Amino acid sequence: MTRNRPTLAGLMAGAALALVAAAPVFAQDGPIRIGVLEDQSGDFAAATMVKVHAIELAAKEINDAGGIDGRPVELVVYDTQSDNRRYQEFMRRVLQSDKVDVVFAGFSSASREAYRPIVNQFDGLAFYNNQYEGGVCDNNMIVTGAVPEQQFSTLIPWMMEEYGPNVYTLAADYNFGQISAEWVRQIVEENGGTMAGEEFIPLGVSQFGQTIQNIQATEADFVVTLLVGAAQASYYEQAASANVGLPMASSVNVGQGYEHKRFTPPSLANMFVTTNYIEEIDSPASNAFVEKFHAMFPDEPYINQEAANSYIAMNLYKQLVERAGTTDHDAIRAVLAEGDVCFDGPSGNVCLDPKSQHMSHTIYLAKVNDDHSISFPKVWEDIKPYWLGDAGCDLTKNDPSAQYTPSSPPPAQ
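All letters in the sequence shown, in the order written, are residues -27 to -1, 1 to 386 by mature numbering (1 follows the signal peptide of the UniProt record, and there is no 0).
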């Protein structure tokens, strides 16, 4: 594995670490090189370092079992430092200079949209292994994270039935938060509810006194929190201190940033999160995943949904290459179009949708209890990523390389 850690001053290359371990005899075709661009420092690092570890775990397992189609996996890792400019710089580097076969990249939607044009320019292939606001229809992208029709279409009606129809949304003020809030707004209206309020919070904001007053001045029944990063996570303790006292609903908290572990109870009590994986899921597959993860990384603070997605993505890529017989992207896309690329992962069986190249998920409704333990009042089995395909995205026929939203769907064919 090659790991590159540029300094904050932007030095061109970090230290390269070559890890040599006992391994099977591999084919003579050379390694399959996988670029890994993830935030190992900066505002998002708490949620994303575990993604790198998950990729390293999968790479070790794959290499120990003989590699991909007899070829060893070599990771080329860069720390993108929670900085969109780094994503652009290092995406060019891994595709042009490092000549990787595939890239696993990005936490925030802003980072994805910063590097996606570069992937398209060089006809690369990238896995985006994060929960996000949905809508990317792009042949150069494979998305393993959960999307709104899997998270909000389950969460919001359940919360409205349990707590009432008046909803207040707090969202990070960039494309993820804005488009996610649009989904929430639409689902609330479709279910006969009312938006009691909606606020967009700039990244880096950590003081929420006025926002808390705004919420308390409404008749909201619950708050949808779509806050991102270490600074915005300050909201929860401040809201608890101010006795806001409203249930919370989220598609990102707990499942990404494990706030229930990082903050003092009962700051996140009565938060409900739709997630495709968290380490508290008690199943043979989940328990085995947690056990082997901690065997390799004993100090890992939390295994989140992005770790599971990244681990699954490595195994899906292995299957795609072995079925295609090559790392050629057109051949891989032809395998994807067959519609039967699946993997039994930490949360059960998942499959890639050939139209959108997004992944099916079992969705768990995780409740944070008063002591910050987790319970699961509801599970939705095998939810397909249906919206893009139903709206008109079909990557087996054409590639618009675009992102769509409920208010701006794909054009009629």
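Every residue, glycine too, gets a C-beta built ideally from N, C-alpha and C.
The structure presented is a predicted model; accordingly, all values stated were derived computationally and were not measured.
Going straight from the alpha carbon of residue i to that of residue j, what length do you get?
i, j, result
"Met332", "Ala119", "7 Å"
"Lys33", "Lys265", "11 Å"
"Phe300", "Asn288", "In the sequence under discussion, the amino acid at residue 300 is Thr, which differs from the Phe named in the question. Approximately 14 Å between the Cα atoms of the pair."
"Gly15", "Asn260", "30 Å"
"Thr369", "Lys328", "6 Å"
"Ile356", "Trp131", "16 Å"
"Leu176", "His233", "21 Å"
"Ile185", "Gln211", "8 Å"
"Phe95", "Leu10", "16 Å"
"Tyr141", "Asn322", "34 Å"
"Gln330", "Met269", "30 Å"
"Pro312", "Asp272", "Rather than Pro, the amino acid found at residue 312 in this sequence is Gly. Looking at the two C-alpha atoms, the distance is approximately 38 Å."
"Leu30", "Thr191", "47 Å"
"Asn148", "Gln123", "19 Å"
"Thr21", "Gly79", "9 Å"
"Thr378", "Asp2", "43 Å"
"Ala310", "Arg44", "24 Å"
"Gly166", "Gln69", "50 Å"
"Ile347", "Pro384", "42 Å"
Could you spell out where the alpha helix (DSSP H) holding residue i opens and where it closes?
i, result
"Lys328", "Where Lys328 is concerned, there is no enclosing alpha helix (DSSP H), given that its DSSP letter is neither H nor E."
"Arg158", "148 to 163"
"His26", "18 to 37"
"Asn187", "182 to 189"
"Leu361", "359 to 364"
"Ile91", "82 to 94"
"Ala203", "202 to 205"
"Glu172", "First-last for Glu172: 167 to 174, but that is the beta strand (DSSP E), not the alpha helix (DSSP H)."
"Ala193", "No alpha helix (DSSP H) holds Ala193; DSSP gives it neither H nor E."
I'd like the span of the beta strand (DSSP E) that includes residue i, first residue to last.
i, result
"Arg66", "Looking at the DSSP string, Arg66 is not in any beta strand (DSSP E), and its letter there is neither H nor E."
"Ala78", "75 to 78"
"Pro350", "347 to 356"
"Leu10", "5 to 11"
"Ser240", "It is not in any beta strand (DSSP E) - Ser240 carries neither H nor E in the DSSP assignment."
Mind checking who residue i pairs with in its DSSP beta bridge?
i, result
"Met269", "Per DSSP, none; premise fails for Met269."
"Gly298", "Looking at the DSSP assignment, Gly298 forms no beta bridge with any residue, so it has no partner."
"Thr248", "Tyr337"
"Arg235", "For Arg235, which the question treats as bridged, DSSP gives no partner whatsoever."
"Gly228", "According to DSSP, Gly228 bridges with nothing at all."
"Leu199", "Ala144"
Can you give the beta carbon distance from residue i to residue j, rounded, assuming they're within the 8 Å contact cut?
i, j, result
"Val197", "Asn226", "That belief does not hold up - the Cβ atoms of Val197 and Asn226 are roughly 10 Å apart, past 8 Å."
"Asn103", "Met133", "The Cβ separation is near 26 Å, so there is no contact."
Report whether the distance from the Cβ of residue i to the nearest heavy atom of the ligand ATP is below 7 Å.
i, result
"Ala18", "No copy of the ligand ATP appears in this structure; indeed no ligand is present at all."
Please go through the stretch 109 to 137 and give each complete beta strand (DSSP E) segment of 3 or more residues, from N-terminal end onward. 114 to 116
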